[in-house]
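Order-wise, the sequence lines are chains U, L and X. Using the numbering used here, the first residue of the first sequence is number 14, and each one after it goes up by one. Using the numbering used here, the first residue of the second sequence is number -11, and each one after it goes up by one. Using the numbering used here, the first residue of the third sequence is number 134, and each one after it goes up by one. Right, one structure below, let's go through it.
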Amino acid sequence: MTQETRPSILKCEDLGVSYGAVPAVGRLDFDIRKGEFVAILGPSGCGKSSMLNVISGLRAPTRGRVHVKDQELFTPASKPPRLGYVFQSHRLLPWRTVRQNLEIALAASEVPRRDWEARIDEILSILHIAQFKDAWPMRLSGGQRQRVSIARALLVDPAYILMDEPLSTLDEVTARSLRQELTGICQRTDATVVFVTHSIREAVYLADRILILTRGPAEIFEDYTVPLERPRDYDDARISEVEADIVRRVQAPWGLSVEKEKAVA
Amino acid sequence: MPEMTLKSPPLPRGLLARSVDLGTSRISAAAVALISILIIWHAGSIVFRPWIPTIPSTFVEMGYDLTSRAFWGDFALTMGRVLAAFAAASIAGAVIGVLIGLNEKAEAFFQPLLALALAVPDPVYIIFAILAVGTGELAGFIALTVAVAPFVTNIVRSNVHARDTDLDEMAQVYHLPRGVRLAAVLFPQLVPAFLTAMRFSFALSWKLVVVVEALGQPDGIGAAIFNSFRLLRMREVAATAIIFIIAMQLLERGVLGRVEKKFLRWRD
Amino acid sequence: MTPLQKQGWAGLALLLLIPAWVLAASNTTFIEHPMIVVRELPPFLANPETWSNIGITLARVAAGLALGVVAGFVAAFVMTRSRFLGEVLGYYVTAALRTPSAIAAILALAIFKGSETGYALVVAFITFPYMAVGLRDGLANADRDLDEMSQVYHLGLLAQIRHVWAPYVAPFIFAALRNAHALAWKVIVVAEIFGAAKTGFGAKFEHAWSYMLMTEVHLWLLVFMVIVLFAEYGLIRQAEKFVFRWR
Chain U
14 MTQETRPSIL KCEDLGVSYG AVPAVGRLDF DIRKGEFVAI LGPSGCGKSS MLNVISGLRA
74 PTRGRVHVKD QELFTPASKP PRLGYVFQSH RLLPWRTVRQ NLEIALAASE VPRRDWEARI
134 DEILSILHIA QFKDAWPMRL SGGQRQRVSI ARALLVDPAY ILMDEPLSTL DEVTARSLRQ
194 ELTGICQRTD ATVVFVTHSI REAVYLADRI LILTRGPAEI FEDYTVPLER PRDYDDARIS
254 EVEADIVRRV QAPWGLSVEK EKAVA
Chain L
-11 MPEMTLKSPP LPRGLLARSV DLGTSRISAA AVALISILII WHAGSIVFRP WIPTIPSTFV
49 EMGYDLTSRA FWGDFALTMG RVLAAFAAAS IAGAVIGVLI GLNEKAEAFF QPLLALALAV
109 PDPVYIIFAI LAVGTGELAG FIALTVAVAP FVTNIVRSNV HARDTDLDEM AQVYHLPRGV
169 RLAAVLFPQL VPAFLTAMRF SFALSWKLVV VVEALGQPDG IGAAIFNSFR LLRMREVAAT
229 AIIFIIAMQL LERGVLGRVE KKFLRWRD
Chain X
134 MTPLQKQGWA GLALLLLIPA WVLAASNTTF IEHPMIVVRE LPPFLANPET WSNIGITLAR
194 VAAGLALGVV AGFVAAFVMT RSRFLGEVLG YYVTAALRTP SAIAAILALA IFKGSETGYA
254 LVVAFITFPY MAVGLRDGLA NADRDLDEMS QVYHLGLLAQ IRHVWAPYVA PFIFAALRNA
314 HALAWKVIVV AEIFGAAKTG FGAKFEHAWS YMLMTEVHLW LLVFMVIVLF AEYGLIRQAE
374 KFVFRWR
């Protein structure tokens, strides 16, 4: 099945956010389909967090419409979207064990109680952390905690999963191994992922599609389809080529200096 | 494995040596503190005779207190008053603290009342409690509770403010119901604050009970101390005060310390 | 919420105190009706004796607090410089923290026979441990974070104190001072009542109470609270704002 024929999961039309007279998000139109891995790439301060607040259902936009599956959000009749969220930091409850952390999210989801145990076991083993089921989060390493956080997002039968720079606080070796596993995990669970990142290379490596934003107030500068088949290799020269291509494209709209471009390349 | 056995012994030995070192320096610090306090006391008892009792006579008096029924009767009465007021002030103060920490309107409303309540000197509370409900157990209970609760409220409120709002956002994103947010997300964060507040509330209660009993009750440790003072029996004042302070200190450390350990298991 | 709404809620709380007072007056024998108290207020305020008594209490608080702050500073400084002396002093601080103010007042009266030194010393004794603990934490923090920096930039001693150390420790000083100040007013009243003072707020309040002069009890309390709140919000918090205006 090609992406075009799969159902739409998250669709934004003419989306705008402003605080008083100050615009944070200019105008966004995009459509994300079932099973897609879409990266969102923008310069710092372009309004990404405002956008995330809207598409996670936390805050109504000033203008425009958001659809999740068939339902329009922020209308009086609509329920908040069911989604998974992987934050920059793990945001686990440190006074609950891994299993209890997952259960508290499951309890608020529509997953029937009899399926919990099996699901938790399955997801934990996919993420290679089955042995930590009854551990306190503070006893785990940063990478392990982030794995639990990903497990929580996958567990709740989410319409889609938001990942807000989930690897940025990990050391490079840990980030690499998790990054490498991430695409496989998402394919196995047929998850739809919106992945926010600062790293162009990470976006190229992970995503099917990259929404490249302009400087704030954010608009879509380009809806870029990554021209690489899977599986990909993070150190592959072709990734570097695509990365360099994107850097060239965003140089003008992001106002990158020559030095910065060199640093990125 | 063999290299492990070669490598591991020096580490524990070093650690052990250091902790023993720390231990002896702590003990000698305690000894220096104790001896210097006794020297100051002794000097005081010579310079300000008879207003500061001598050390041996105070200890004899303490022994007498510890074996007297009247003392333990007063002690039990006072203990009951302290515990009742401590419980009431902790609960009321914590409830109001959580409420105003979470709700801006409630905070704006209670803020000036809190400032007023904190500015009232403790004897005023007991006197007004007596004016309102007469001399009796109730007046002391009200005065102690009203004097202590605002401190609890302040501690709890500032910790509600300082909570991890990242976790609130997580709870919202995952649609955790309100009850779960309070019970599983907010309250565990407040446990250390509750414990601090309880410690504070207990310490304040037993210190204030002396004032309350001296001014408004015919019996109890505070009244006993004040009576001895009126009869200028400084030996009795000192002995009763020292026993009471040490007993309360032990209780604070023992009971609250144990509670603390139990509730903060997840921290390490 | 806008500041105006905030003030509205605060004002409402204060307004509700009046009916609460009326209610209390009508349901108890000894609590006076607010109107009676308000009527007596002008002559009470016009009486110079009122002010001389408040002035005496104020002087005791100021002297005791000053002593307590200095002692707290010294204790905190020693505690952060020497581990051993710090632990020894720690016991003194704990002992002072654990002494009920009524007992301190009784002992001071016995020793100093109601002289002014006695009152000031009680206030100092009760407030100094709070200053010591608060400042110790501040100094320890400053040491950890700032020593390296000032070494790197080769600042002179004075410049170090003025630009690096003072701004860093100032918040701790103010927090400790606020606690100590609030406590000082409470302690002085206990000390005046238990220390059988002839003058000062506590003495007058206790005198009015024992002679059942109810209106006077209320008047003293009102005036006292206004002064404490003015000292806290009108002086200390303003000074704090002034010092931290760069924030």
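Ideal placement from N, C-alpha and C gives every residue a C-beta, glycine not left out. Note that the coordinates shown come from a computational prediction; the quantities given were computed from them, not determined experimentally.
**Prompt:** Taking Cβ-Cβ distances shorter than 9 angstroms, what residues in chain U pair up with P176 of chain L?
**Reply:** The residue labelled residue 176 of chain L in the question sits at position 188 within the second sequence. Around P176 of chain L, the beta-carbon contacts reaching into chain U at under 9 angstroms are L106, P107, W108 and R109.
**Prompt:** What is the DSSP secondary structure of L28 of chain U, counted as helix, strand or coil?
**Reply:** On the first sequence, position 15 is the one that residue 28 of chain U refers to. Judged by DSSP in its simplified three-state form, L28 of chain U adopts strand.
**Asked** Given that a residue counts as buried once 16 or more other Cβ atoms are within 10 Å of its Cβ, and exposed if not, what is L126 of chain L?
**Response** Reading the second sequence from its first residue, position 138 is the one you call residue 126 of chain L. It is exposed - the Cβ of L126 of chain L has fewer than 16 other Cβ atoms within 10 Å.
**Item:** Alpha-carbon to alpha-carbon, I133 of chain U and P150 of chain U
**Value:** Here residue 150 of chain U refers to the residue found at position 137 of the first sequence. Here residue 133 of chain U refers to the residue found at position 120 of the first sequence. Each residue's alpha carbon lies about 16 angstroms from the other.
**Request:** Check each candidate in U:V111, U:R112 and U:L65 and name the one with the smallest Cα separation from A37 of chain U.
**Result:** Here residue 37 of chain U is taken as the residue at index 24 of the first sequence, counted from 1. With distances taken between Cα atoms, A37 of chain U lies closest to U:L65.
**Request:** Over the uninterrupted alpha helix (DSSP H) stretch that includes H340 of chain X, give me the two end residues.
**Result:** By 1-based counting over the third sequence, the position of residue 340 of chain X is 207. Counting along the chain, the alpha helix (DSSP H) containing H340 of chain X begins and ends at F334 to S343.
**Message:** So, for V124 of chain U: in the same chain, excluding its five sequence neighbours on each side, which residues have a beta-carbon less than 8 angstroms away from its beta-carbon?
**Reply:** Here residue 124 of chain U refers to the residue found at position 111 of the first sequence. Cβ neighbours of V124 of chain U beyond the five flanking positions: R132, L168, V169 and D170.
**Item:** Closer than 9 angstroms at the beta carbon, the chain U residues around V168 of chain L
**Value:** What you label residue 168 of chain L is simply residue 180 of the second sequence in a count that begins at 1. What V168 of chain L touches in chain U: I117, A120 and A121.
**Prompt:** Short check: CB of I369 of chain X to CB of F307 of chain X, under 9 angstroms?
**Reply:** Walking along the third sequence from the start, residue 369 of chain X turns up at place 236. Walking along the third sequence from the start, residue 307 of chain X turns up at place 174. Yes; because the gap between Cβ atoms is below 9 angstroms, this pair is in contact.
**Asked** What does V83 of chain L touch in chain X if you count any residue whose Cβ is under 8 angstroms from its own?
**Response** As a first step, residue 83 of chain L must be located in the second sequence, where it is residue number 95. Residues of chain X passing the Cβ test: none, with the nearest at roughly 17 angstroms.
**Touch test, the segment 252 to 265 of chain U against the segment 90 to 105 of chain U, Cβ-Cβ under 8 angstroms, three pairs minimum** = Not touching, per the Cβ criterion.
**Message:** Rounded to whole angstroms, what is the Cα-Cα separation between F357 of chain X and W318 of chain X?
**Reply:** The residue given as residue 357 of chain X occupies position 224 in the third sequence. The residue given as residue 318 of chain X occupies position 185 in the third sequence. Cα-Cα distance, rounded: 9 angstroms.
**Residues of the segment 219 to 230 of chain X with Cβ closer than 9 angstroms to any Cβ of chain L, in chain order** = G219, E220, V221, L222, G223, Y224, Y225, T227, A228 and L230
**Message:** Please tell me whether F210 of chain X has its Cβ less than 9 angstroms away from any Cβ of chain L.
**Reply:** Counting from one through the third sequence, the residue named residue 210 of chain X turns up at place 77. Cβ-Cβ to chain L under 9 angstroms: no for F210 of chain X.
**Message:** If we require 3 or more residues per run, which beta strand (DSSP E) segments fall completely within the segment 46 to 85 of chain U?
**Reply:** 50 to 54 and 76 to 81
**Request:** Would you grab the beta carbon distance between L362 of chain X and A103 of chain L for me? Rounded to a whole angstrom, and I think it's under 8 angstroms.
**Result:** Numbered from 1 along the third sequence, position 229 holds the residue referred to as residue 362 of chain X. Numbered from 1 along the second sequence, position 115 holds the residue referred to as residue 103 of chain L. Rounded, the Cβ-Cβ distance is 7 angstroms, consistent with contact.
**Message:** Against chain L, does F377 of chain X count as a neighbour if the rule is that its beta carbon must be under 9 angstroms from one of theirs?
**Reply:** For this step, residue 377 of chain X is matched to residue 244 along the third sequence. It does not: the Cβ of F377 of chain X has no partner Cβ on chain L nearer than 9 angstroms.
**Message:** Check whether the segment 319 to 335 of chain X and the segment 247 to 259 of chain X are in contact - that is, three or more C-beta pairs closer than 8 angstroms.
**Reply:** yes
**Request:** For the beta strand (DSSP E) holding F217 of chain L, just list the boundary residues, first then last.
**Result:** If you number the second sequence from 1, residue 217 of chain L lands on position 229. Element bounds for F217 of chain L: not the beta strand (DSSP E) but the alpha helix (DSSP H), I209 to R218.
**Message:** Considering only the alpha carbon of each residue, which of X:R378, X:I360, X:A364 and X:K139 lies closest to P100 of chain L?
**Reply:** Stepping through the second sequence from its first residue, residue 100 of chain L is reached at position 112. When each option's Cα is compared against that of P100 of chain L, the closest is X:K139.
**Request:** With a threshold of 16 other CB atoms inside 10 Å of the CB of A299 of chain X, please say whether the residue is buried or exposed.
**Result:** Reading the third sequence from its first residue, position 166 is the one you call residue 299 of chain X. Exposed.
**F59 of chain L versus I209 of chain L: straight-line alpha-carbon distance, rounded** = Counting from 1 along the second sequence, the entry for residue 59 of chain L is found at position 71. Counting from 1 along the second sequence, the entry for residue 209 of chain L is found at position 221. In a straight line, the C-alpha of F59 of chain L is about 8 angstroms away from that of I209 of chain L.
**Y252 of chain X burial status per 10 Å Cβ neighbour count (16 or more: buried)** = Here residue 252 of chain X refers to the residue found at position 119 of the third sequence. Its Cβ being crowded by 16 or more others within 10 Å, Y252 of chain X is buried.
**Item:** Assigned secondary structure, P(-10) of chain L (DSSP; H/G/I helix, E/B strand, else coil)
**Value:** Against the second sequence, residue -10 of chain L aligns to sequence position 2. Note that P(-10) of chain L has pLDDT 34, beneath the 50 cutoff, so the model's placement of it is unreliable and the number below is only indicative. P(-10) of chain L: helix per DSSP, three-state reduction.
**Request:** List the endpoints of the continuous beta strand (DSSP E) containing V242 of chain X.
**Result:** Position 109 of the third sequence, counted from the start, is the residue given in the question as residue 242 of chain X. The identity of residue 242 of chain X in the sequence shown is Leu, whereas the question assumes Val. Where L242 of chain X is concerned, there is no enclosing beta strand (DSSP E), although the alpha helix (DSSP H) it sits in stretches over S234 to F245.
**Request:** Assign D44 of chain U to one of three DSSP states: helix, strand, or coil.
**Result:** Residue numbering aside, residue 44 of chain U sits at position 31 when the first sequence is read from its first letter. Note: D44 of chain U maps to strand in three-state DSSP.
**Message:** Taking CB distances under 9 angstroms as the criterion, tell me whether R19 of chain U reaches chain L.
**Reply:** Here residue 19 of chain U corresponds to residue number 6 of the first sequence, with the count starting at 1. Not one chain L Cβ lies under 9 angstroms of R19 of chain U.
**Message:** In this structure, how does DSSP classify A189 of chain L when only helix, strand and coil are distinguished?
**Reply:** Within the second sequence, residue 189 of chain L is the residue found at index 201, counting from 1. Before going on, a small fix: residue 189 of chain L reads as Ser here, not Ala. In the structure shown, the three-state DSSP call for S189 of chain L is helix.
**Request:** Consult DSSP for D221 of chain U and reduce its assignment to one of helix, strand or coil.
**Result:** For the purposes of this step, residue 221 of chain U is taken as residue 208 along the first sequence, with counting starting at 1. Three-state result, D221 of chain U: coil.
**Prompt:** From F251 of chain L to A171 of chain L, what does the alpha carbon distance come to, in whole angstroms?
**Reply:** Here residue 251 of chain L refers to the residue found at position 263 of the second sequence. Here residue 171 of chain L refers to the residue found at position 183 of the second sequence. Using only the alpha carbons, I get a separation of about 14 angstroms.
**Item:** Close-in-space but distant-in-sequence residues of the same chain around F305 of chain X (CB under 7 angstroms, 5 per side omitted)
**Value:** Position 172 of the third sequence, counting from 1, holds the residue named residue 305 of chain X. Counting only Cβ-Cβ distances below 7 angstroms, and skipping sequence neighbours, we find G267, L268, D270 and G271.
**Prompt:** Per DSSP, E235 of chain U is paired with what?
**Reply:** The count along the first sequence starts at 1 and reaches residue 235 of chain U at position 222. DSSP, once it has assigned bridges, lists U:I225 as partnering E235 of chain U.
**Same chain, Cβ closer than 6 angstroms to P41 of chain L, five either side skipped, listed in chain order** = Locating residue 41 of chain L in the second sequence gives position 53, where the first residue counts as 1. Cβ neighbours of P41 of chain L beyond the five flanking positions: M222, R223 and A226.
**Message:** If contacts are defined as beta-carbon pairs under 8 angstroms, then G97 of chain U and G29 of chain U qualify, I think. What distance do you get, rounded to the angstrom?
**Reply:** Taking the first sequence and counting its residues from 1, the one referred to as residue 97 of chain U is at position 84. Taking the first sequence and counting its residues from 1, the one referred to as residue 29 of chain U is at position 16. Not a contact, Cβ separation roughly 26 angstroms.
**S62 of chain U versus U:F145, U:Q159 and U:F100, residue with shortest Cα-Cα distance** = Here residue 62 of chain U refers to the residue found at position 49 of the first sequence. Distance check between S62 of chain U and each of U:F145, U:Q159 and U:F100 places U:F100 closest, using alpha-carbon atoms only.
**Prompt:** Roughly how many angstroms separate the alpha carbons of T348 of chain X and I130 of chain L, rounded to a whole number?
**Reply:** By one-based count along the third sequence, residue 348 of chain X stands at place 215. By one-based count along the second sequence, residue 130 of chain L stands at place 142. Looking at the backbone, the Cα of T348 of chain X and that of I130 of chain L are separated by about 22 angstroms.
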